[in-house]
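Down below is the structure, laid out as structure tokens.
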Amino acid sequence: AAGGEDGGPPDALSLEEILRLYNQPINEEQAWAVCYQCCGSLRAADARRRPRRRAASAAHIRVWRDGTVTLAPGAGGAEEPPPATGKLGYSQCTETEVIESLGIIIYKALDYGLKENEERELSPPLEQLIDHMANTVEADGSNDEGYEAADEGMEDEDEDRRKVSAIRSYRDVMKLCAAHLPTESEAPNHYQAVCRALFAETMELHTFLTKIK
Amino acid sequence: KGKSLYKIKPRHDSGIKAKISMKT
Chain W
1 AAGGEDGGPP DALSLEEILR LYNQPINEEQ AWAVCYQCCG SLRAADARRR PRRRAASAAH
61 IRVWRDGTVT LAPGAGGAEE PPPATGKLGY SQCTETEVIE SLGIIIYKAL DYGLKENEER
121 ELSPPLEQLI DHMANTVEAD GSNDEGYEAA DEGMEDEDED RRKVSAIRSY RDVMKLCAAH
181 LPTESEAPNH YQAVCRALFA ETMELHTFLT KIK
Chain G
1001 KGKSLYKIKP RHDSGIKAKI SMKT
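For the protein sequence lines, the chains are W and G, in the order given. Quick note: the first sequence, position 100, residue 100 per our numbering, numbers continuous. Plus 1000 on top of the position in the second sequence (first one is 1) and you've got our numbering.
Structure, rendered in structure tokens:
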């Protein structure tokens, strides 16, 4: 855990720590929230020209006290060579590769503790989001219009939801997460609150278990 | 608190779990 320097309570918990403490998977709303919040921080990191890294495991996703979610520095994992850097020292790891790694980790967090021969039934919109993030969608030619997260807005929200077939950017992911809510404009506050609660509740559980021990 | 129940079904070869497993 990213802890206070004074040895006090940590300011962040990794997703892995959260899963282990609860010993159960995250729920769907938490999955939407972690996706949204993490893509938000990844967009901000891109704007600051930070090198892109794939998320290797849930240990590299940090949920902060204030509801921010970040990918830990050096999240590429020991088994993965550092990504090549281009001019300006900017990593050549693509945005879609980072999104793919995030989708896989989110799925595993939803699948935590399940046996190999078991599969969790996910709501279709969340399964679709993860399917597209992880790039596991099977091309059947029936849904090939692409998700255009362009500036034209979402005039027909339901139509847009049906047309999802490609996620190319953090913004695409965030738009889909926002479209999941009754009011899209509430996405920043709502998802931050969900992640803040996830941190707070996990800390409460940690404190409780420590006292019991 | 903060957790919801979820349904579990048998893993399917064409399901998302199998597809994710193939990626990792």
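Glycine included, every Cβ here is placed at the ideal spot set by N, Cα and C.
Given a threshold of 16 other Cβ atoms within 10 Å of its Cβ, counted over all protein chains shown, does W/F208 qualify as buried or as exposed?
Position 208 of the first sequence, counted from the first residue, corresponds to residue 208 of chain W. So W/F208 ends up on the exposed side.
Using only CA atoms, which one of W/N117, W/A200 and W/Y191 lies nearest to G/S1014?
Along the second sequence, one-based indexing puts residue 1014 of chain G at 14. G/S1014 has its Cα closest to that of W/N117, out of W/N117, W/A200 and W/Y191.
Are any of the Cβ atoms in chain G nearer than 8 Å to that of W/L13?
As a first step, residue 13 of chain W must be located in the first sequence, where it is residue number 13. Judged by the 8 Å Cβ criterion, W/L13 is not in contact with chain G.
Report back the beta-carbon spacing between W/E119 and G/K1009 to the nearest angstrom; my notes put them in contact at under 8 Å.
Taking the first sequence and counting its residues from 1, one reaches residue 119 of chain W at position 119. Taking the second sequence and counting its residues from 1, one reaches residue 1009 of chain G at position 9. Between W/E119 and G/K1009 the beta-carbon gap is near 5 Å, inside 8 Å, which marks them as a contact.
Whole-angstrom distance between W/P9 and W/P124, CA atom to CA atom
The residue labelled residue 124 of chain W in the question sits at position 124 within the first sequence. The residue labelled residue 9 of chain W in the question sits at position 9 within the first sequence. Straight-line measurement puts the Cα of W/P9 at about 38 Å from the Cα of W/P124.
When we look at the beta-carbon of G/L1005 and count the other beta-carbons within 10 Å, is it buried (16 or more) or exposed?
Along the second sequence, one-based indexing puts residue 1005 of chain G at 5. G/L1005 should be labelled exposed.
Whose C-alpha, out of W/A47, W/V98 and W/L71, is nearest the C-alpha of W/L15?
In the first sequence, counting from the first residue as 1, residue 15 of chain W sits at position 15. Comparing Cα-Cα distances from W/L15 to each of W/A47, W/V98 and W/L71, the minimum goes to W/L71.
For W/E148, decide whether its Cβ has a neighbour in chain G, counting only Cβ atoms nearer than 8 Å.
In the first sequence, residue 148 of chain W corresponds to position 148, counting from 1. Bear in mind that the predicted position of W/E148 carries a pLDDT of just 48, short of 50, making it too unreliable to give a figure here.
In the DSSP output, which residue or residues are listed as bridge partners for W/E119?
Along the first sequence, read from residue 1 onward, the residue named residue 119 of chain W stands at position 119. Its beta-bridge partners are G/K1009.
Mind listing the chain G neighbours of W/I130? Cutoff is C-beta to C-beta under 9 Å, in chain order.
To locate residue 130 of chain W, count along the first sequence from 1; it is residue 130. Correct list: I1016 and I1020.
Give every residue of the same chain whose Cβ lies closer than 6 Å to the Cβ of W/Y112, excluding the five residues on either side of it in the sequence, and list them in chain order.
If you number the first sequence from 1, residue 112 of chain W lands on position 112. Excluding residues within five positions, the ones whose Cβ falls inside 6 Å are L19 and P25.
Contacting residues, own chain, Cβ-Cβ under 6 Å from W/Y170 (five flanking each side not counted):
In the first sequence, the residue the question calls residue 170 of chain W occupies position 170. So the qualifying residues of the chain are C39, L42 and R43.
Which partner residues does W/T70 have in the DSSP bridge list?
In the first sequence, counting from the first residue as 1, residue 70 of chain W sits at position 70. According to DSSP, which records beta bridges pairwise, W/T70 is partnered with W/R62.
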